[in-house]
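These notes concern the structure reproduced below.
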Amino acid sequence: MARRVTYNLPLLLLAAIALACLLAPWLSPYPPAAQQLLLGAQPPSVAHWLGTDIFGRDLLTRLLYGGRLSLLVGLTATAVALLIGVSWGAVAGYVGGRLDAVMMRIVDTLYALPFVIFVVLMMVVFGRSLLLLFIAIGAVEWLTMARIVRAQVRAIVHSDYIEAARCLGLSRWQIVTRHILPNCAGPIIVYTTLTIPSVMLLEAFLSFLGLGVQPPDASWGLLINQGVETMEEYPWLLLYPALALTATLLCLNLVGDRLRDRLEGSAVGGDR
Amino acid sequence: MACKMLSIRKLNSSGALCCALLAALLVAGCSGGERRVDSGTAAGVLHWGNASEPASLDPQIANGVPEQKILSALWEGLVGKHPVTLEPIPAGASHWQISDDRRTYRFHLRSDARWSNGEPVTAEDYRWAWWRALQPELGNSFATMLFPIVNAQAYWRGEIDDFSQVGVRVVDPLTLEVELSHPTGYFLQLLDMPTLYPLHRASIERHGAATARASRWSYPGNLVSNGPFQLAEWQINRRIVVAKNPHYWDAAAVALNQIIFYPTENTTTEERMFRAGQLHYSYDVPVNKMAYYASQRPAELVVAPYLGSYFYRFNTRRPELADPRVRRALARAIDRRQLTEQVLRAGQLPAYAMTPPNTAGYYPPASAEAQLSFDPAAARALLAEAGYPDGAGLGPIEILYNTQDEHRKVAVAIQQMWKQHLNVDATLQNQEWKVYLDTERRGDYQITRASWIGDYVDARNFLEIWLCDSDNNRTGWCDPQFDQLLLEQLPAATSQAERHRLLQSAEQRLLDGLPLLPIYTYTSKHLVHPDLNGYTANLLNQPLFKQLSLVRQPPALTP
Amino acid sequence: MSWALLQLIARRLATAAVLLVVVAAGTFALIHAAPGGPFSADRAVSAEVETALAAQYRLDQPPLLQFASYLGNALRGEFGPSFKYPGREVSELIAAGLPATLELALYALLLALVVGISVGALAASRPGTLRDRLPMGAALVGICLPAFVLGPLLVLVFGVYNEWLPVSGWGELAGDKLLPTVTLAAGYAAYIARLTRAGLREQLRQPYIVTARAKGLGGAAVILKHALRGALLPVVAYLGPACAGLIAGSFVVETIFQIPGIGRFYIQAAFNRDYTLILGLTLFFATLITLFNLLADLLALWLDPRQREAL
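Protein chains in written order, with the numbering used here: chain A, 1 to 272; chain B, 273 to 831; chain C, 832 to 1142.
As structure tokens, then:
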């Protein structure tokens, strides 16, 4: 029973953060870009729970709106990675043989590409379009997903029940979608929960280099980066965005870990 | 920590390595006691934050401000600038004569002026350097500084092949005569610019063609210069060391033994380096640190007016911005005082004209401030008059700026002021530097951020960019009368007063046409260690390194 | 060394060569498609100067020809002159920045491996106790803390408030390598600790370990002699991506600590449109990552008998 509670706590917190960000326009009394230049940076108060930034903008509001962007980047890029990675891995794993060898060789090869460097280059060259950011990050992250799915599919394809399904005359498409992919769901979900935080970190990294989202919009990465510059004068501008990002990443990692432990536990028999 | 290490050691053989590594690093770390500035002061070594890695130390190729700092330590022109007043002072030339028609200058070189290899500096060294500066294949972006000289522009354009027709003449090894096409009051100032420094021909030609950009003559061991310091060491992205030049004619007066320039492009890091005693001088001060230094360590903060204007360009080719009334309305809806005091907070001056006030005695037209000062009601009236009552139908207008925090702050503030006072929506678009330059040059914008830093102290330098065919105009604004004032009437001016009057009329025409939105006049801001003596800020932000010295000051008591 | 292994290496190197050409082509297309050229500046350069410069750097030739001659030169080991730094060869710039970057990455990797594996093993040996929970919790936070937050925090505490360590530089002042190394290593140490712990937990469940334990071998001995070797496989597999990550991380750390490495060059070169320098650096990074991946795979072969047989 105790384990269920700890299992749910990160998930609940995550849901709360996501919901708050989603409902930001209704939760916050301040528009995200409204400045009060005369107010400037103020520490947390009753009117501004988390204080204001140097433009006098409400930090909580910026944090909630920033969360929308960060989560959006995280989710969309992960979805791109998921889509490419799962289809690639499933095809390679299911068809096997030469095609498998070729497809996985491509994955191996792409692994050696300095993708982060390409992302940096693309951001410099084509400006900081959000769409590009999603695609670029998604394009980096799908490789591992393809490997995981392919390995899982290889393992399942040769199992008895797939043989049985084949004998029953199910089409390839039916076998893949009805039997194989659902059986791969576990590792896919686990890896997905672990991809989202790494994508969010990558976005923060790009923000540090000045290649992230465009002001006046802000992601958590950008808020943290701006907070770092003024951490001695206005520590709250670093503290709260950093807390938000770290808490979210922590929760995602915890959820992913627990999921994985549970899946592996059930597979091996488990000694927990 | 140690306890945990031990248990790891029991467990894992690599634990021993781990312990050793960490311990070694920690011991190595904790042993460094003395601050770099203290040992520097004792040894006469100045540690200087210099913003970025120089592209080149060839005076005719390097064009950035950080490069100019290093070059001014290595070289000396015919005439220098006084570090406070910026008035001409003798340098490579001990004295000079100006003809009555103020078109011919005769410079008498010091007989004891020497290159860093001991050879004498001659008039031919100047003439040859200026010949080299006028070769287009060198890619010298400051070649225009030589254009006041007779035929220099024609030679540079390839209209004449014979350099002897250009107005530079070697009278004898120690006398150089220069003939200008018309009287140019600021000519003496130009002689202090890197493009007009003398060059040591033999050492350049030893390393390739005279006009080859990719020559290695300006690297340590090869470079021969005539200034108070000589190049000693250049470690890419790490440091450039210049050491006292024993052959310099005024070597006895040079107090510093070495200057070490650090490429400190990250100002936050630079400020921490200063605070931790790793620098005597910082290239810049982060805005957020201004309040701290102003209140806690005011003696170390040096803020001074800087000869530079920060403004926006209006693209007058765009129909919505073609009407000067719209441009004026936008200009009058900006509270510059609030912008400089609340947002920028580094002592910048609100600007209502193109030229900074007191540019060598010149002031923009007195009526400028009244014409452009913050007046929301007048701005709304102008906008209504132009056919956009309450901002209806105008906008959204896009402000383009190159990606940088300070530009964003200004743009965000202006965006809000227009919304509040004019009900005009503005959108912000930032582009990376080179992309922004490209967009601006193609004229594919509505409003762009811009700035102009004076090359020399003269209002003409600020106004000439608005000439019809100037490559730096970029707004589509063209006023033949403005051109006529600057190109025809100004050169004929016979007195300083008349010159200023003509410049004022030209600036008035510019402000009537208003292809620009003046915002503020720059300040330079630096952190300067108390040990550094002889440093005074000036309008060009140009130190005179030979006058600096390091003297140990008793540590100030922290309040 | 077996024939199969040699074949594998040869095959991998051949693919890598093809890949590098693709990388070069991609980068070349990307930077030439970018608006703005290497010589554009705020102060307009006149048309005469622009033509002269374009001719000097052969920018007036058709792009395909430019690329072909670039490849030809690159094969001979000439990466051309830098645009931004006249007189400097790209190879010279890389050579100047490489020692600092490599040293930083190497120290960080070593620190991360040593700390990560030790802590991970420590945690795995007593699952569920404070000795497990505490470091693993710290590791989780470590993963989630970006280097650009950790770096300035360390600088302020150890460099500015207490002047124990220099706040910048590399190999200039005593101890200036410590803070950058720790900053870069932290995230990787945390990740490796988690990988090691997970791998060990997995291995300790295997029958052979259970047998060894039944024979009376103690906990530490079992972990050291038997389990760790198998448990390190995921760590080794992680080394390839870690190498790529360390290079990207060096962009950040080199900026924060003003380290004269090649990471700092890269961003600047892209902003400056220093075509040859970008190309040279990209190719160099790609080669480095490819070689490191190959090395990691060979290490995995050595550690894992099953993979060896599969050859």
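Even for Gly, the Cβ is constructed at its ideal location relative to N, Cα and C.
Just so it is clear, the structure is predicted and the values come from calculations on it, not from any experiment.
| Query | Result |
| --- | --- |
| Compare the C-beta of B:E704 with all C-beta atoms of chain A and state if any pair is closer than 7 angstroms. | yes |
| When burial is assigned at 16 or more other CB atoms within 10 Å of the CB, is A:P25 buried or exposed? | exposed |
| One question on the structure: do B:A653 and B:I671 come within less than 7 angstroms of each other, judged by their Cβ atoms? | no |
| Tell me whether B:D373 is buried or exposed, calling it buried when 16 or more other Cβ atoms sit within 10 Å of its Cβ. | exposed |
| Can you confirm whether B:N695, when its beta carbon is compared against all beta carbons of chain C, has any partner nearer than 7 angstroms? | no |
| Run through DSSP, which three-state label would C:L1026 get? | helix |
| Answer with yes or no whether the minimum CB distance from A:S266 to chain B is below 7 angstroms. | Because A:S266 carries a pLDDT of 47, less than 50, the predicted location of this residue cannot be relied on, and the following value inherits that uncertainty. Judged by the 7 angstroms Cβ criterion, A:S266 is not in contact with chain B. |
| What three-state label does DSSP hand A:R105 in the structure shown? | helix |
| How close, in whole Å, do the beta carbons of B:W387 and B:N498 come, if the pair is a contact with beta carbons under 8 angstroms? | 5 angstroms |
| Going along chain C, which residues have a C-beta under 8 angstroms from A:N55? | Correcting the residue type first, residue 55 of chain A is Phe in the shown sequence and not Asn. Per Cβ cutoff of 8 angstroms: no residues; A:F55 is ~22 angstroms from chain C at best. |
| Between B:N538 and chain A, is the shortest Cβ-Cβ distance under 7 angstroms, so that the two count as touching? | no |
| Starting from the C-beta of B:V299, find all residues in its chain whose C-beta is less than 6 angstroms away, skip the five residues before and the five after it, and write them out in chain order. | Confidence is the limiting factor: at B:V299 the pLDDT is only 48, short of 50, which leaves the residue's position unreliable and the question unanswerable from this model. |
| Report the residues of the stretch 507 to 527 of chain B with a CB closer than 9 angstroms to any CB of chain A, ordered along the chain. | none |
| C:A1174: buried (16+ other C-beta within 10 angstroms of its C-beta) or exposed? | Summary: the structure shown does not reach residue 1174 of chain C, with chain C confined to residues 832 through 1142, and so no result is reported for it. |
| By the three-class DSSP mapping on this structure, what secondary structure does B:A365 have? | strand |
| State the Cα-Cα distance for the pair C:L901 and B:I508, rounded to the nearest angstrom. | Note that residue 901 of chain C is Tyr in the sequence shown here, rather than Leu. Going from the Cα of C:Y901 to the Cα of B:I508 covers about 25 angstroms. |
| Is any beta-carbon of chain A found at less than 7 angstroms from that of B:N560? | yes |
| B:N674 lies in the alpha helix (DSSP H); which residues open and close that run? | Run containing B:N674: none in the alpha helix (DSSP H); it sits in the beta strand (DSSP E), 669 to 674. |
| For C:K1046, count neighbouring Cβ atoms within 10 angstroms of its own Cβ and tell me buried if that reaches 16, exposed if not. | exposed |
| Quick check on the DSSP output: the beta strand (DSSP E) that includes B:Q703 runs from which residue to which? | 698 to 703 |
| What residues in the stretch 605 to 625 of chain B bring their beta carbon closer than 7 angstroms to a beta carbon of chain A? | Q610, Q614, V615 |
| Using only the alpha-carbon positions, how far apart do A:F118 and C:V1083 sit? | 16 angstroms |
| Our contact map puts A:L59 next to A:L50 with C-beta atoms below 8 angstroms; I'd like the distance itself, whole angstroms only. | 4 angstroms |
| Of all the residues that make up the stretch 976 to 1000 of chain C, which are near chain A by a beta-carbon distance shorter than 9 angstroms? | L976, P977, A978, F979, V980, G982, P983, L984, L987, V991 |
| Mind listing the chain B neighbours of C:F1102? Cutoff is C-beta to C-beta under 8 angstroms, in chain order. | E704, W705, K706 |
| Indicate the three-state DSSP secondary structure (helix, strand or coil) for C:P894 in the structure shown. | helix |
| Is there a Cβ of chain B sitting closer than 7 angstroms to that of C:S871, yes or no? | yes |
| Based on the DSSP output, what are the partners of B:L805 in its beta bridges? | Note that residue 805 of chain B is Asn in the sequence shown, not Leu. According to DSSP, which records beta bridges pairwise, B:N805 is partnered with B:S821. |
| For the stretch 678 to 690 of chain B, which residues have a CB atom closer than 8 angstroms to at least one CB atom of chain A, in sequence order? | R680, K681, V684, A685, Q688 |
| Rounded to whole angstroms, how far is the Cβ of B:P577 from the Cβ of B:L811, which I believe are closer than 8 angstroms? | 6 angstroms |
| Could you check if C:W1133 is buried or exposed, using at least 16 other CB atoms within 10 Å of its CB as the buried criterion? | exposed |
| How would you call C:L971, buried or exposed, if buried means at least 16 neighbouring beta carbons within 10 angstroms? | buried |
| How do the stretch 320 to 330 of chain B and the stretch 772 to 780 of chain B stand: do at least 3 beta-carbon pairs fall below 8 angstroms, yes or no? | no |
| Kindly say whether C:L884, judged by its beta-carbon, lies nearer than 7 angstroms to any beta-carbon of chain B. | yes |
| Taking buried to mean at least 16 other C-beta atoms within 10 Å of its own C-beta, is A:T246 buried or exposed? | buried |
| Any idea which residues DSSP pairs B:Y553 with across the strands? | B:W320, B:V800 |
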